[in-house]
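K.L.:
A single structure is presented below for examination.
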Amino acid sequence: MSGAIYPSLRGRLVVITGGGSGIGAGLTEAFARQGARVVFMDIAIAESEALAAELAHLDPAPIFHNCDLTQVAALQTCMAEIAAEHGPVEVLINNAANDDRHSLAEVTPDYWDDRMAVNLRHMYFAAQSAAPAMQAAGKGVILNLGSISWHLGLPDLSLYETAKAGIEGMTRALARELGADGVRVACIVPGNVKTPRQMKWYTPEGEAEIVAAQCLKGRIEPRDVAALALFLASDDARFITGHEYFVDAGWR
Ligand SMILES: NC(=O)c1ccc[n+]([C@@H]2O[C@H](COP(=O)([O-])OP(=O)(O)OC[C@H]3O[C@@H](n4cnc5c(N)ncnc54)[C@H](O)[C@@H]3O)[C@@H](O)[C@H]2O)c1
Numbered sequence: 443m444s445g446a447i448y449p450s451l452r453g454r455l456v457v458i459t460g461g462g463s464g465i466g467a468g469l470t471e472a473f474a475r476q477g478a479r480v481v482f483m484d485i486a487i488a489e490s491e492a493l494a495a496e497l498a499h500l501d502p503a504p505i506f507h508n509c510d511l512t513q514v515a516a517l518q519t520c521m522a523e524i525a526a527e528h529g530p531v532e533v534l535i536n537n538a539a540n541d542d543r544h545s546l547a548e549v550t551p552d553y554w555d556d557r558m559a560v561n562l563r564h565m566y567f568a569a570q571s572a573a574p575a576m577q578a579a580g581k582g583v584i585l586n587l588g589s590i591s592w593h594l595g596l597p598d599l600s601l602y603e604t605a606k607a608g609i610e611g612m613t614r615a616l617a618r619e620l621g622a623d624g625v626r627v628a629c630i631v632p633g634n635v636k637t638p639r640q641m642k643w644y645t646p647e648g649e650a651e652i653v654a655a656q657c658l659k660g661r662i663e664p665r666d667v668a669a670l671a672l673f674l675a676s677d678d679a680r681f682i683t684g685h686e687y688f689v690d691a692g693w694r
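Numbering (this note's numbering), first residue to last: 443 to 694.
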């Protein structure tokens with residue numbers, strides 16, 4: 443598939459959380475192919491190193507940082523190291539998440555905290571780390587990955603859906619707070635995207651059910667989400683902020 447080229451993304455410093463696999467890997471590759479300077483954080487070391495090796499021929503090649511985003515101090519240290527080494531972060535893509543299933547009855551206060559830490563909290567603190575330099579520059583973009591799950595009320599995902607609903611509220615709040623300084627904040631809401639992890643949850647029959655419920659009859663791939671992210675991160679989207687945008691093939 444040939445995609446659009448955004449001249450404004452060339453050379454831009456783009457930090458992607460969870461950029462080592464799934465949709466994140468699609469984002470890492472897509473931004474690197476635009477000539478952006480991509481740094482991605484992940485805990486999946488093997489997948490991330492394999493991706494970095496696969497894309498090593500690109501100039502500049504994406505750089506992998508091993509960081510557990512649930513540890514806020516480690517995240518803050520990593521963001522500071524990236525800025526010290528590469529300069530101010532110009533685009534932050536808050537992508538990392540974990541959609542483990544559970545019932546209401548199983549949830550303990552510790553598990554609540556754990557799910558919010560992996561699905562919501564790091565996005566806020568990554569934005570907090572990146573924002574001052576963006577505000578000083580009078581421009582910058584923060585993209586948060588939401589989810590269609592809570593819009594549809596999918597089963598067995600109540601904490602994930604709680605966090606993902608929070609991401610849309612956080613997006614609006616930060617867009618308001620940072621907008622006066624020219625920083626844009628938007629949310630991308632994927633439908634069901636065919637990734638290695640999703641294939642763990644769905645049988646062929648389950649996949650067929652999703653496709654049947656979509657307006658468009660195909661499987662969304664990471665590159666389809668990346669195509670929207672490239673546009674939103676580029677200067678072409680200069681007046682787009684504070685809202686969420688779906689890539690869901692019309693899943694209802
Ligand atoms: N795939 C889908 O169908 C779908 C649907 C709706 C929303 N989303 C959202 O899109 C984003 C990407 O989804 P995905 O399907 O690629 O997910 P995924 O689980 O396949 O990948 C998530 C990545 O984040 C990393 N990660 C998880 N916990 C981490 C931690 N503590 N520290 C550092 N890295 C960590 C993982 O190692 C992995 O590389 C997520 O925000 C997800 O909620 C995905």
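We treat Cβ as the ideally placed atom computed from N, Cα and C, and that holds for glycine. Source: prediction; values computed, not measured.
What are the uninterrupted segments assigned as beta strand (DSSP E) that are 3 or more residues long and contained completely in the stretch 610–668, given in chain order?
P.N.:
625–632
K.L.:
In or out: Tyr-553 buried (at least 16 other Cβ within 10 Å) or exposed?
P.N.:
Counted from its first residue, the sequence shown places residue 553 at position 111. That one is exposed.
K.L.:
At which residue ranges does the stretch 457–535 contain complete alpha helix (DSSP H) runs of 4 or more residues, listed in the order of the chain?
P.N.:
464–475, 487–496, 514–528
K.L.:
For the 8 Å Cβ check, are there 3 or more pairs between the stretch 641–654 and the stretch 605–622?
P.N.:
no
K.L.:
Any contact of the stretch 609–617 with the stretch 684–692, i.e. 3+ C-beta pairs under 8 Å?
P.N.:
Three or more pairs of CB atoms, one per stretch, sit closer than 8 Å, so the stretch 609–617 contacts the stretch 684–692.
K.L.:
Between Leu-599 and Asn-536, is the Cβ-Cβ spacing less than 8 Å?
P.N.:
Taking the sequence shown and counting its residues from 1, one reaches residue 599 at position 157. Taking the sequence shown and counting its residues from 1, one reaches residue 536 at position 94. No, the Cβ-Cβ distance between Leu-599 and Asn-536 is not below 8 Å.
K.L.:
In its own chain, which residues sit with a C-beta less than 8 Å from the C-beta of Glu-548, not counting the 5 before and 5 after it?
P.N.:
Here residue 548 refers to the residue found at position 106 of the sequence shown. Excluding sequence neighbours, Glu-548 sits near nothing in its chain.
K.L.:
If you draw a straight line from the alpha carbon of Leu-670 to that of Ile-465, how long is it in whole angstroms?
P.N.:
As a first step, residue 670 is located in the sequence shown; it is residue number 228 there, counting from the start. As a first step, residue 465 is located in the sequence shown; it is residue number 23 there, counting from the start. Rounded to whole angstroms, Leu-670 to Ile-465 spans 12 Å at the Cα level.
K.L.:
Can you tell which of Ala-654, Asp-677, Arg-618, Lys-636 has its C-alpha closest to the C-alpha of Glu-663?
P.N.:
If you number the sequence shown from 1, residue 663 lands on position 221. Of the listed residues, the one whose Cα sits closest to Glu-663 is Lys-636.
K.L.:
Given a threshold of 16 other Cβ atoms within 10 Å of its Cβ, counted over all protein chains shown, does Arg-680 qualify as buried or as exposed?
P.N.:
Reading the sequence shown from its first residue, position 238 is the one you call residue 680. Label assigned to Arg-680: exposed.
K.L.:
Can you give me the Cβ contacts of Val-456 inside the same chain, cut-off strictly under 6 Å, excluding the 5 residues immediately before and after it?
P.N.:
Here the question's residue 456 lines up with position 14 in the sequence shown. Cβ within range, chain order: Phe-473, Ala-478, Val-480, Val-533.
K.L.:
Assess, as a yes-or-no matter, whether the stretch 617–631 is touched by the stretch 567–586 under the definition of 3 or more beta carbon pairs within less than 8 Å.
P.N.:
yes
K.L.:
For Ala-539, which residues in the same chain have their Cβ closer than 6 Å to its Cβ, ignoring the five residues on either side in sequence?
P.N.:
As a working note, residue 539 is residue 97 in the sequence shown. Here the set comprises Asn-561.
K.L.:
Ends of the alpha helix (DSSP H) at Tyr-687?
P.N.:
Reading the sequence shown from its first residue, position 245 is the one you call residue 687. Note, Tyr-687: premise wrong, no alpha helix (DSSP H); beta strand (DSSP E) at 686–689.
K.L.:
Going by other Cβ atoms of all chains shown within 10 Å of its Cβ, with 16 needed for buried, is His-499 buried or exposed?
P.N.:
Taking the first residue of the sequence shown as position 1, residue 499 is located at position 57. With fewer than 16 other Cβ atoms within 10 Å, it is exposed.
K.L.:
Quick check on the DSSP output: the alpha helix (DSSP H) that includes Leu-587 runs from which residue to which?
P.N.:
Numbered from 1 along the sequence shown, position 145 holds the residue referred to as residue 587. Segment 582–587 is the beta strand (DSSP E) holding Leu-587; no alpha helix (DSSP H) there.
K.L.:
Taking the continuous alpha helix (DSSP H) assigned at Trp-592, which residues delimit it?
P.N.:
Numbered from 1 along the sequence shown, position 150 holds the residue referred to as residue 592. That run of the alpha helix (DSSP H) goes 591–594.
K.L.:
May I have the straight-line CA-CA distance separating Met-483 from Glu-651, to the nearest angstrom?
P.N.:
To locate residue 483, count along the sequence shown from 1; it is residue 41. To locate residue 651, count along the sequence shown from 1; it is residue 209. Their backbone Cα atoms lie some 33 Å apart in a straight line.
K.L.:
For Gly-580, I'd like the list of residues in its chain whose CB is within less than 7 Å of its CB, leaving aside the five on either flank, ordered along the chain.
P.N.:
Within the sequence shown, residue 580 is the residue found at index 138, counting from 1. The residues Asp-623, Gly-624, in chain order, have a CB closer than 7 Å to that of Gly-580 in the same chain once the five nearest residues on each side in sequence are set aside.
K.L.:
Ligand 1 heavy atoms versus the CB of Ser-600: any closer than 7 Å?
P.N.:
Residue mapping note: residue 600 aligns to position 158 of the sequence shown, counting from 1. Checking every heavy atom of ligand 1 against the Cβ of Ser-600, none is found closer than 7 Å.
K.L.:
Check whether the Cβ atoms of Glu-489 and Ser-450 sit closer than 8 Å, and answer yes or no.
P.N.:
The residue given as residue 489 occupies position 47 in the sequence shown. The residue given as residue 450 occupies position 8 in the sequence shown. Ser-450 is positioned such that its CB atom lies no closer than 8 Å to that of Glu-489.
K.L.:
My output table needs one value for Leu-702: the three-state DSSP class, helix, strand or coil.
P.N.:
Because the chain spans 443 through 694 in this model, residue 702 falls outside it and cannot be assessed.
K.L.:
On the DSSP letters alone, give me the boundaries of the alpha helix (DSSP H) that Pro-597 sits inside.
P.N.:
Residue mapping note: residue 597 aligns to position 155 of the sequence shown, counting from 1. Element bounds for Pro-597: n/a, residue is neither H nor E.
K.L.:
Going by C-alpha distance, which of Tyr-566, Gly-633, Ser-571, Glu-619 is nearest Gly-595?
P.N.:
If you number the sequence shown from 1, residue 595 lands on position 153. For the residues Tyr-566, Gly-633, Ser-571, Glu-619, the minimum Cα distance to Gly-595 belongs to Gly-633.
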